[in-house]
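Engineer: Just so you know, we're using my numbering here: the sequence shown kicks off at 13 and counts up by one. Following this message is one structure expressed as structure tokens.
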Amino acid sequence: MTFALAMVLYPEVQRRAQAEIDSVVGEDRLPTFEDRSSLPYVESVLRETFRWHPILPNGVPHATLTDDIFDGYFIPKGATVRCNIWGISRDENRYPEASSFIPERFIDANNALTDDDPARYVFGFGRRGCPGRHAADASLWSAIVTMLATVEFSPAKDDQGKAIEFTPRFTTGLTHSPMVFPCNISARSRSHLQLVNVFRTEA
């Protein structure tokens, strides 16, 4: 949902990602995991999706088993410890214009990915990190690259053909995700529609 919202709000990102896919994959097949290393901009879109609106902005609470001192701070046994993932993702020193969806922040001047990967913090840290992180990362990449390859996200239009303006809203509480928003999803072309239909038949 966050990715779809970003594609509606930032069409130039969608166009650049689709151009990369078309140049690497072509239009006669769907992208596969073997293509992943050849699609750095798509990878940066995934990273920015993780960073832009993390689903667990305050992480999962944990409790200390013993007294501890970290970076000069005393943390008593039994204290509840949370990771401020939202604060990390909104650090303007690290991510200028942090409220904007800018995948280019993860690509250097040579069009190579930087070492900054939000998956390293949005899934938790160390031994308490999400055990399903790699499966989730692969699943989301597959979904995002397939949607980019086959469909077009655009603003929904009213009866007069004008784009429906809206202000994105998000759920509040432990989890953070977009609430329903108006949009249009259509096949990029007849050949792309056939690719989806072939995939459905084979699946």
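C-beta: ideal position from N, C-alpha, C; glycine also.
1. Measure the CB-CB distance between residue 131 and residue 145 and report whether it falls below 8 Å.
2. Whole-angstrom Cβ separation of residue 70 and residue 97, contact assumed at under 8 Å?
3. Is residue 52 buried or exposed, if buried means 16 or more other CB atoms sit within 10 Å of its CB?
4. Residues in its own chain within less than 8 Å of residue 93 by CB, not counting five upstream and five downstream?
5. Just checking my contact of residue 26 with residue 165 at CB under 8 Å: how many whole Å lie between their CB atoms?
6. Confirm, please, whether the CB-CB distance from residue 161 to residue 196 is below 8 Å.
7. Using only alpha-carbon positions, find the residue among 198, 189 and 203 that is nearest to residue 17.
8. Inspect the beta-carbon positions of residue 58 and residue 152 and report whether they are closer than 8 Å.
9. Could you give the residue range of the beta strand (DSSP E) that holds residue 148?
Structural biologist: Answer, in terms of the structure:
1. By 1-based counting over the sequence shown, the position of residue 131 is 119. By 1-based counting over the sequence shown, the position of residue 145 is 133. A contact, by the Cβ cut-off of 8 Å.
2. Taking the first residue of the sequence shown as 1, we reach residue 70 at position 58. Taking the first residue of the sequence shown as 1, we reach residue 97 at position 85. Correct: roughly 7 Å between the Cβ atoms.
3. Translated into positions along the sequence shown, residue 52 becomes position 40. Residue 52 should be labelled buried.
4. Looking up residue 93 in the sequence shown gives position 81. Around residue 93: 73, 74, 75, 76 and 87.
5. Stepping through the sequence shown from its first residue, residue 26 is reached at position 14. Stepping through the sequence shown from its first residue, residue 165 is reached at position 153. With 8 Å as the limit, residue 26 and residue 165 qualify as a contact, their Cβ atoms being about 6 Å apart.
6. Taking the sequence shown and counting its residues from 1, the one referred to as residue 196 is at position 184. Taking the sequence shown and counting its residues from 1, the one referred to as residue 161 is at position 149. Not a contact, by the Cβ cut-off of 8 Å.
7. Locating residue 17 in the sequence shown gives position 5, counting from the first residue. It is 189 whose Cα lies nearest to the Cα of residue 17.
8. Taking the sequence shown and counting its residues from 1, the one referred to as residue 58 is at position 46. Taking the sequence shown and counting its residues from 1, the one referred to as residue 152 is at position 140. Going by C-beta atoms, residue 58 is nearer than 8 Å to residue 152.
9. Locating residue 148 in the sequence shown gives position 136, counting from the first residue. Segment 145 to 162 is the alpha helix (DSSP H) holding residue 148; no beta strand (DSSP E) there.
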